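Enquirer:
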Amino acid sequence: MIGGIVFLQKNSTSVIPTDELVSSNPDSTVPSNSEIPDIGSDITLTVTPEGGITLAEVATHNSRNSCWSMINGKVYDLTSWIPNHPGGEEAILSLCGVDGSAGFNGQHGTAKKPLFVLSGFMIGAQ
Ligand code: HEM
């Protein structure tokens, strides 16, 4: 999984160990369209990482230096993405330490590129 990002069919139950997920987007750049797999409109990111991270733990990573967010039940370390987000730093900083589902879904919904990038920062789940 290192160096790659996986999209699976809806309802897949594949489990990817957390330690293999951490480096999946090491350079935190926006991918070109050709780097994004041709996922159909009814396919969503459903990789299931290891669980057990609480919102209370996420809340302790609420700064530019360590920015975790829980989005749709999964936990993402967005620290390296803060300076690279095309929509600006503030949008990401507003998600640090909180449940960012409404913020992310409201802005990006099911758009492939943001979902693809987001998946690279996954470190665990609820
Ligand atoms: C972890 C959360 C987020 C990720 C991974 C993410 C990812 C991305 C990506 C990949 C793009 C480029 C899209 C493209 O080129 O087609 C983008 C653009 C954008 N994002 Fe986000 N985003 C996140 C959260 C947010 C939030 C919370 C907001 C606003 C509240 C936001 C606002 C925007 C805007 C306005 C743009 C367009 C910028 C432009 O074209 O100039 N994003 N984001």
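Going by this note's numbering, the first residue of the sequence shown is number 350, and it counts up by one from there. Where a beta carbon is used, it is the ideal one built from N, C-alpha and C, also for glycine. Keep in mind the model is a prediction, meaning the values are calculated, not measured.
#1: Within 10 angstroms of its Cβ, does P432 collect 16 or more other Cβ (buried), or is it exposed?
#2: Which two residues bound the contiguous beta strand (DSSP E) that contains V424?
#3: For Y425, which of I385, T459, S383, F453 has the nearest alpha-carbon?
#4: Given that a residue counts as buried once 16 or more other Cβ atoms are within 10 Å of its Cβ, and exposed if not, what is L467?
#5: Would you check if the segment 395–412 and the segment 454–466 touch, i.e. whether three or more CB-CB distances between them fall below 8 angstroms?
Expert: To lay it out plainly:
#1: exposed
#2: 423–426
#3: F453
#4: buried
#5: no
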